[in-house]
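The next block holds one structure in the form of structure tokens; read it before the comments.
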Amino acid sequence: LISESAWEEMTCLFAPSLGEIYNAVEMILMGYSFFPSETLNFINHLGSGKGMASDMPLSNREVTVLRYLANGLSNKEIAEQLLLSNKTISAHKSNIYSKLGVQSIVELIDYAKAHELL
């Protein structure tokens, strides 16, 4: 089971306003797709030519892992928080580094801040 504080920390990463949730449900019920504004901004940024080194955006899970890494958590701590294996977190971390074209945690955090991923 996940602790209450871990749950709160994890859900705050994805806590849209009630209005945004309402709009999302309404759009989906009308047959449209819905993407959170943060996601659309990220996709638009990629199209501007100033995006990632790769054309492949980060998955939701990779963004979550990136945020935990930026908060100083180790692979093991992230694995415990997300109820995943350490090996899975290592794979996500490797994919993040590759997609963003970074080679260190410092570069990762700098990139994430510059591209408003944090």
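Quick note on our numbering: the sequence shown kicks off at 4 and runs consecutively. Ideal placement from N, C-alpha and C gives every residue a C-beta, glycine not left out.
Starting from the Cα of residue i, find the closest Cα among the options and give me that residue.
i: residue 98; options: 61, 37, 30 and 34; result: 61
i: residue 73; options: 96, 90 and 32; result: 96
i: residue 110; options: 69, 25, 32 and 35; result: 69
i: residue 120; options: 71, 82 and 27; result: 71
I need the DSSP call for residue i, collapsed to helix, strand or coil.
i: residue 109; result: helix
i: residue 80; result: helix
i: residue 93; result: helix
i: residue 120; result: coil
i: residue 74; result: coil
i: residue 114; result: helix
i: residue 103; result: helix
i: residue 30; result: helix
i: residue 25; result: helix
i: residue 61; result: coil
i: residue 53; result: Summary for residue 53: the model assigns pLDDT 49, below 50, so the residue's position carries little reliability, and this model does not support an answer.
Are the C-beta atoms of residue i and some chain D residue less than 8 Å apart?
i: residue 75; result: Considering every chain present, this structure includes no chain D. It has just one protein chain.
Evaluate the contact criterion for the stretch 90 to 106 versus the stretch 61 to 78: three or more CB pairs, one atom per stretch, below 8 Å. With the cut-off at 8 Å, the stretch 90 to 106 and the stretch 61 to 78 touch.
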